[in-house]
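Under full-length UniProt numbering, the very last position in the sequence shown is 358; numbers go up by exactly one each time.
Below is one structure, written out as structure tokens, with a few remarks after it.
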Amino acid sequence: MTTIGGRVRTAMLSAGIQQKQLAQRVGMTPDALSRALNDQRGFAATELADIAVELDADVHELITGDPDPHRLVLSARHSFDHETGSRSVDGLDGDRALLADVRLAFAQAGDLQPGAELPTDVEKVRRLLPEEFVRTFVDHLAEIEVDVVRIAGLSTAYSSTVEGRSVILLPESGNWFYENWSLAHELGHLALGHAGVIPGSSEFDAREGEANAFAAELLLPEARMRERAWDEVGLRTVADVIWEWGVSTEALRRRLSALALEPSPEVQDVLTWTTQKLLRRHWSGAKLGDPITRRMTEAGERRFPAWLQEAHLERIAEGAVGKGTLAWMLGVPAETLEVDEPEGSTELSDNALAALLG
1 MTTIGGRVRT AMLSAGIQQK QLAQRVGMTP DALSRALNDQ RGFAATELAD IAVELDADVH
61 ELITGDPDPH RLVLSARHSF DHETGSRSVD GLDGDRALLA DVRLAFAQAG DLQPGAELPT
121 DVEKVRRLLP EEFVRTFVDH LAEIEVDVVR IAGLSTAYSS TVEGRSVILL PESGNWFYEN
181 WSLAHELGHL ALGHAGVIPG SSEFDAREGE ANAFAAELLL PEARMRERAW DEVGLRTVAD
241 VIWEWGVSTE ALRRRLSALA LEPSPEVQDV LTWTTQKLLR RHWSGAKLGD PITRRMTEAG
301 ERRFPAWLQE AHLERIAEGA VGKGTLAWML GVPAETLEVD EPEGSTELSD NALAALLG
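Spelled out as structure tokens, the structure:
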């Protein structure tokens, strides 16, 4: 049976980092690291956390020898350069700390109940959702046991499966039409059984293409698109379609092109406008209490699944975890959060957190 020191040594070899370099990067003396690698002293939890970051390793696996059952094996929504045909996720490295925080929130919730299995066929997925699902897409996903997390600071959308639960992570963008496409795209990854679809992974381009095709058919079904005479519709009708279907002008323009449907020159022109410009000028409901701004506000609000927050409340009351993670989920200072806690409870120490992960 390998030890923590042995697993760290193996991870060092895989990362191509020398012992002296690693010690310097994580703030350990070379002697302390040497003794820890040879099992002559233990690693502190903070040392292991820093080492895991430097070696791009799973801290849970370094501690226990087993892969983290709560780890986020991510698929990410890419940026696509239509001129070069290249896909990228430029913000992935900067997102990792936030993604690790989300993973911890799920890990601290205790034993998770697996969610329902999603069908792989886009039409069958659509049948699980009500006809006008896009207006409250996030809520309807919760009804089919797809968990949605929305937090500030993420550069793009991600999806993962955690203990059998489907999870989609979104940035707080305020752009509801971009968010809808992100939800549909990541739902495609989950339904199609994709995992780890990030740049450099096997079949990255092909799987991103499959997820995008899934999103296009879910939000802009070919049959529905072909029902309209796009060369005859007016600007108000186009604005109504954008609002009701919850997509951007760019998404509609590209879908029309992909299906070889040619709109009138006037419609072609307005589909080069921003989504907001088209809606503000031509949508019939734009003046009715400003629902456009309301949608923007909703797409910019922090969100975690209600069941996850409830699970944390129960665990806090039991004394199993502190309230720091719940406060983070709510976006409030921990010291202002009043919850049911055992007398004399304190936040978990680093060593206690390491024990929890083990």
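We put the beta carbon where it would ideally sit given N, CA and C, even for glycine.
In this text the structure is predicted, and so the values were computed from the model without any measurement.
- DSSP places residue 149 inside the beta strand (DSSP E), whose first and last residues are 146-151.
- Taken in chain order, the complete alpha helix (DSSP H) segments of 4 or more residues contained in the segment 179-228 are 204-219 and 222-226.
- Secondary structure in the UniProt domain "HTH cro/C1-type" (8-62): the alpha helix (DSSP H) runs of 4 residues or longer, each lying completely within the stretch, are 19-26, 30-37 and 45-55 in chain order.
- Per DSSP, reduced to three states, the secondary structure at residue 162 is strand.
- In the structure shown, the three-state DSSP call for residue 167 is strand.
- Beta-bridge partners assigned by DSSP to residue 303: 150.
- When 191, 37 and 250 are compared, the shortest CA-CA separation from residue 178 is found for 250.
- Counted as a single uninterrupted DSSP element, the alpha helix (DSSP H) harbouring residue 99 occupies residues 92-107.
- In the structure shown, residue 257 adopts helical secondary structure according to DSSP, grouped into three states.
- According to the DSSP assignment, residue 276 belongs to the alpha helix (DSSP H) that extends over 275-282.
- In terms of Cβ geometry, residue 147 and residue 305 form a close pair [threshold 8 Å].
- Distance from the CA of residue 211 to the CA of residue 37, rounded to the nearest whole angstrom, comes to 43 Å.
- For residue 124, the uninterrupted alpha helix (DSSP H) segment begins and ends at 122-127.
- Residue pairing by DSSP places residue 248 opposite no residue, since no beta bridge is assigned to it.
- For residue 324, the enclosing alpha helix (DSSP H) begins and ends at 324-330.
- As a beta-bridge residue in DSSP terms, residue 75 pairs with 159.
- Taking 8 Å as the upper bound for CB-CB distance, residue 157 and residue 185 are in contact here, some 7 Å apart.
- Counting every other CB atom within 10 Å of its CB across the protein chains shown gives residue 123 a total below 16, marking it as exposed.
- Here the segment 168-178 lies against the segment 287-300, with 3 or more beta-carbon pairs under 8 Å apart.
- At the C-beta level, residue 327 and residue 337 come within 8 Å of one another.
- By the 16-neighbour rule on beta-carbons within 10 angstroms, residue 56 is exposed.
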